[in-house]
Amino acid sequence: MKYFTIKELTATSSGLPNTPNAEQIKNLENLVNKILDPARVALGFPIMIGSGFRSPAVNVAAGGVLTSQHTKGEAADCKCKDNKRLFDYIRKTDFDQLIWEFGDDMQPQWVHVSLKRTGVNRREVLRAEKVNGKTVYRRI
Ligand SMILES: [Zn+2]
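Counting in our numbering, the final residue of the sequence shown is number 815, and the numbers go up one at a time with none missing.
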């Protein structure tokens with residue numbers, strides 16, 4: 676945990692309680708230590724966390740799916756000055772799920788990444804797009 680804090684990984688503008696338990700903090704630390712800190716070093720510029728851990732209430736308010744890895748502390752939505760470079764970097768690591776979130780063919784609007792501390796990480800790469808107002812995910 677060099678470049679990221681639990682505070683920024685649990686920030687919410689919703690005003691709702693958003694306190695992770697010990698297990699969820701361990702998951703956040705794992706995500707930072709294995710992916711986010713190394714990505715920050717490799718890119719050489721700041722990475723902002725739009726959303727990290729979400730309590731069930733915060734997740735509902737954010738419109739997240741019920742099974743969202745954000746509720747486990749396993750996922751973060753990240754933004755930086757070159758989201759494609761961030762995406763391409765993470766793609767080479769051992770992650771569970773990596774999502775090119777909206778944007779266009781040149782740049783995702785943000786990057787969702789998740790990592791499990793235990794069990795198998797699937798290395799699933801998806802692209803989220805709006806089709807007729809609905810969010811669809813396809814493998815890329
Ligand atoms: Zn996300």
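Ideal placement from N, C-alpha and C gives every residue a C-beta, glycine not left out.
(1) Taking Cβ to Cβ, would you say Leu-691 is nearer than 7 Å to Gly-727?
(2) With a threshold of 8 Å, are at least 3 pairs of Cβ atoms found where one atom belongs to the region 737-747 and the other to the region 712-723?
(3) Check Lys-754 in the structure and name its three-state DSSP category.
(4) Suppose the cutoff is 7 Å on Cβ atoms and the five residues either side in sequence are ignored; what does the same chain contact list for Ala-737 look like?
(5) DSSP state of Gln-772, grouped into three classes?
(6) Any idea which residues DSSP pairs His-817 with across the strands?
(7) Any chance the region 753-763 sits against the region 780-787, with 3 or more Cβ pairs inside 8 Å?
(8) Suppose contacts are defined by Cβ-Cβ distances below 7 Å. Is Trp-775 in contact with Arg-813 by that definition?
(9) Starting from Lys-709 and walking both ways along the alpha helix (DSSP H), at which residues does that stretch end?
(10) Less than 6 Å between C-beta atoms, sequence neighbours within five positions excluded: which residues of the same chain meet that for Lys-809?
(11) With hydrogens ignored, establish whether the beta-carbon of Asp-752 is closer than 6 Å to any heavy atom of ligand 1.
(12) Asn-796 and Phe-770 look like a contact to me (Cβ under 8 Å); what is the Cβ gap, rounded to whole Å?
(13) Could you check if Ile-765 is buried or exposed, using at least 16 other CB atoms within 10 Å of its CB as the buried criterion?
(14) Expressed to the nearest angstrom, what Euclidean distance is found between the alpha-carbon atoms of Lys-791 and Glu-799?
So, from the listed chains and residues:
(1) Taking the sequence shown and counting its residues from 1, one reaches residue 691 at position 16. Taking the sequence shown and counting its residues from 1, one reaches residue 727 at position 52. No. Outside cutoff.
(2) no
(3) Translated into the one-based positions of the sequence shown, residue 754 becomes position 79. Here Lys-754 sits in strand by DSSP.
(4) As a first step, residue 737 must be located in the sequence shown, where it is residue number 62. Contacts found: Ser-726 and Arg-729.
(5) To locate residue 772, count along the sequence shown from 1; it is residue 97. Reduced to three states, the DSSP call for Gln-772 is strand.
(6) Any answer about residue 817 is impossible in this case: the structure gives the chain only from 676 up to 815.
(7) yes
(8) Within the sequence shown, residue 775 is the residue found at index 100, counting from 1. Within the sequence shown, residue 813 is the residue found at index 138, counting from 1. For Trp-775 and Arg-813, no; Cβs fall outside 7 Å.
(9) Taking the sequence shown and counting its residues from 1, one reaches residue 709 at position 34. Segment: none, Lys-709 is in no alpha helix (DSSP H) and carries neither H nor E.
(10) As a first step, residue 809 is located in the sequence shown; it is residue number 134 there, counting from the start. Counting only Cβ-Cβ distances below 6 Å, and skipping sequence neighbours, we find nothing.
(11) Here residue 752 refers to the residue found at position 77 when the sequence shown is read from its first residue. Because some heavy atom of ligand 1 lies under 6 Å away, the Cβ of Asp-752 counts as near it: yes.
(12) One-based indexing of the sequence shown puts residue 796 at position 121. One-based indexing of the sequence shown puts residue 770 at position 95. Right, their Cβ atoms sit about 6 Å apart.
(13) Here residue 765 refers to the residue found at position 90 when the sequence shown is read from its first residue. Per the 10 Å Cβ criterion, buried.
(14) Counting from 1 along the sequence shown, the entry for residue 791 is found at position 116. Counting from 1 along the sequence shown, the entry for residue 799 is found at position 124. Taking the straight line joining both Cα atoms gives about 12 Å.
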